[in-house]
DNA sequence: CCCACTGTTGACGGGTAGTCAATAGCGCCG
DNA sequence: CGGCGCTATTGACTACCCGTCAACAGTGGG
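Protein chains in written order, with the numbering used here: chain A, 12 to 217; chain B, 12 to 217.
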C-alpha cells in the first residue's frame, strides 16, 4: 500500500460547531424551498453529515425548522433609539422608514419569514409568528410613544397586530409583485397607522 | 350455508357522487388539521374507500387539497347587489357589514381558508389565494363604486390587496383571539379603507 | 340471466423520518 | 509517543406515506 496514513473519513467537531453548521445549511435550504420540499436526506448530504446526526442534534426535522424560523424572526432587532420628539406624524413616518430600510436590506430573510413556509395551519409555527408579532407591536407602540397608554390597551394592540397583517402584505406587493414602490408603501402604511391611532382607537376610547 | 346472497363488499357509485363524498371528507379533515398532518390513508379510511381511489379521482393528494381550497375560497360569493347610492362612507360601511356577516355565518370555512397563513411559498396555493384576492378586490371596488377608476388603478388594487391582509388578520383577532368585537373590527376596517381610498390614493394620484 | 363496462381494490416500488447499537475520531494521560 | 477511553458520528433498521397499475367485482343493459 502506498500509505497507511489516517485520512479520516469524517472530522469530529465540537457540538456547538456542528450544530451551527447544520443550522446554517438548514437556513439556506429552508430559505430557498418550503418545509416539505427539503428532505433530511438532502440536508444531511448538503451538510456533509449522516442523517441521524440531525436528529441527534435537533430531535426532529420540525424542531430544526422551528429553530431556523426563530432565528429569522428575532435577529432583525433594529435598535429603537428614542426618536421620541417631533409630532406623531413625524415619529410614525420615521419609524416606518426605518422599518422599510431594514426590510430592504434583509429582503430574502424577510420574505422567507413572512411566508410561513409550509401550507396549512401549523400551531408551532403560528405561535412563533405570534410571539414575533407581539414584539413588533411593542416596538411600534414604543416608537410612537404610546407604550404607556392604558385605555383600550389590548384593543389597540390587537388593531396593530391586524395592521401588521397589512404591512406584510404591502411589503409583498413592493418586493415580490413590484406593484407598489417603496415610497407608496410608506405612504400607505403611514396613512393607515395614523388613522388607527388618531381616529379609530381615539374615537373608540375617548 | 344460511344464504348465498350477495351483500356486496362495496357499493358502486357514480363518479360525481364518489368524488363529492371524498371531497366532503377531505374538506372536514383539512379543516381541522393541516396538510401534512392528514394522510391519504386516513382520508381513504374515513371515506370508507381504498387509498388508490383518491388518486384515481384527484390524481394527487396535493390536487385534492387544492380542490378543497378552491371550493372554500370561491363559495362565499356574497351577492353584490348595487347599494350604489349614499355617501362613500355609507357604501363602505354597508359593504363591510355584509362582509363580516358572511364571515360570521361561515366562520369555520373562513378560518380554514385564511389560516393557510401569510401564504406558504407553495406556488399552487399562492396562485389560488391570489385569484381569490383579485376577485375580492373587484367586489370591493365595485361595491364602493370605484370600479371605473383609471388613475393609479393598479396601485389602488395593490393597496386594497394589502388592505385585505389586514382584514384577514382582523377577523382572526375577532374570531380566534377574541381580542376585538365585531363592531370594533368594523370600525377599524371602515376607517382604514376610507383612509386608503380618500386620502392615500387620492393624494397619490390627484 | 349473463356479459361487458367501468368503478374499485390492494399489492408493489420508491421515498422519507426517527431510533439505536456499533464505530471511529481525537484528546489526554502515562 | 503510544494506546485508551470518551463521545461525536455513522448507517442499518423500522415504520409510515404516497403514486401506480393490473386485476377484480358491482351493476345496468341486452
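Idealized CB from N, CA, C, for every residue including glycine.
Exposure of residue 75 of chain B, with buried meaning 16 or more beta-carbon neighbours within 10 Å: Within the second chain, the letter at position 64 stands for residue 75 of chain B. The residue is buried, with at least 16 neighbouring Cβ atoms inside 10 Å.
Cutoff 7 Å: residue 169 of chain B Cβ touching any chain A Cβ: One-based indexing of the second chain puts residue 169 of chain B at position 158. So, interface residue.
DSSP-derived helix/strand/coil call for residue 25 of chain A: The residue labelled residue 25 of chain A in the question sits at position 14 within the first chain. Residue state, collapsed to three classes: coil.
For residue 66 of chain B, the first and last residue of its enclosing alpha helix (DSSP H): To locate residue 66 of chain B, count along the second chain from 1; it is residue 55. Where residue 66 of chain B is concerned, the enclosing alpha helix (DSSP H) stretches over 62-69.
Closest by C-alpha distance to residue 203 of chain A, when choosing among A:103, A:113, A:168: To locate residue 203 of chain A, count along the first chain from 1; it is residue 192. The option with the nearest alpha carbon to residue 203 of chain A is A:103.
Proximity to residue 165 of chain A [Cα-Cα], best of B:48, B:190, B:34: Here residue 165 of chain A corresponds to residue number 154 of the first chain, with the count starting at 1. Among B:48, B:190, B:34, the Cα nearest to that of residue 165 of chain A belongs to B:190.
Residue 216 of chain A versus residue 208 of chain A - alpha carbon distance: Position 205 of the first chain, counted from the first residue, corresponds to residue 216 of chain A. Position 197 of the first chain, counted from the first residue, corresponds to residue 208 of chain A. C-alpha separation (whole angstroms): 11 Å.
Simplified DSSP assignment, three categories, for residue 197 of chain B: For the purposes of this step, residue 197 of chain B is identified with residue 186 of the second chain, where counting begins at 1. Here residue 197 of chain B sits in helix by DSSP.
Through-space distance from residue 106 of chain B to residue 151 of chain B, alpha-carbon basis: Locating residue 151 of chain B in the second chain gives position 140, counting from the first residue. Locating residue 106 of chain B in the second chain gives position 95, counting from the first residue. Near 8 Å, if we compare the C-alpha coordinates of residue 106 of chain B and residue 151 of chain B.
Three-pair Cβ contact test at 8 Å for the region 165-179 of chain A versus the region 153-167 of chain B: no
Pairwise C-alpha distance: residue 42 of chain A and residue 28 of chain A: For this step, residue 28 of chain A is matched to residue 17 along the first chain. For this step, residue 42 of chain A is matched to residue 31 along the first chain. For residue 28 of chain A and residue 42 of chain A, the distance between alpha carbons rounds to 21 Å.
Residues from the region 197-208 of chain B in contact with chain A, defined by Cβ distance under 7 Å: 198, 199, 202, 203, 206, 207
DSSP state of residue 103 of chain A mapped onto helix, strand, coil: For the purposes of this step, residue 103 of chain A is taken as residue 92 along the first chain, with counting starting at 1. Residue state, collapsed to three classes: helix.
Residues that residue 165 of chain B contacts on chain A, provided the C-beta gap is smaller than 7 Å: Along the second chain, one-based indexing puts residue 165 of chain B at 154. Under the 7 Å cutoff, chain A gives 190.
Buried or exposed by the 16-neighbour rule on C-beta atoms within 10 Å, applied to residue 192 of chain A: Mapped onto the first chain, residue 192 of chain A falls at position 181. That one is exposed.
Spatial distance of residue 31 of chain B from residue 51 of chain B (CA atoms): If you number the second chain from 1, residue 31 of chain B lands on position 20. If you number the second chain from 1, residue 51 of chain B lands on position 40. In a straight line, the C-alpha of residue 31 of chain B is about 16 Å away from that of residue 51 of chain B.
Three-state secondary structure (DSSP) of residue 216 of chain A: The residue you call residue 216 of chain A lines up with position 205 of the first chain. It is coil, neither helix nor strand.
With 16 other Cβ atoms within 10 Å as the buried cut-off, status of residue 124 of chain B: By 1-based counting over the second chain, the position of residue 124 of chain B is 113. Buried.
Buried or exposed (CB count within 10 angstroms, at least 16 for buried), residue 69 of chain A: Within the first chain, the letter at position 58 stands for residue 69 of chain A. Burial call: buried.
Whole-number beta carbon distance between residue 58 of chain A and residue 33 of chain A, since they are thought to touch under 8 Å: For this step, residue 33 of chain A is matched to residue 22 along the first chain. For this step, residue 58 of chain A is matched to residue 47 along the first chain. About 5 Å separates the two Cβ atoms, so the contact holds.
Neighbour list for residue 72 of chain A in chain B, Cβ cutoff strictly below 7 Å: Working through the first chain from its first residue, we reach residue 72 of chain A at position 61. Correct list: empty, because the minimum Cβ distance to chain B is about 11 Å.
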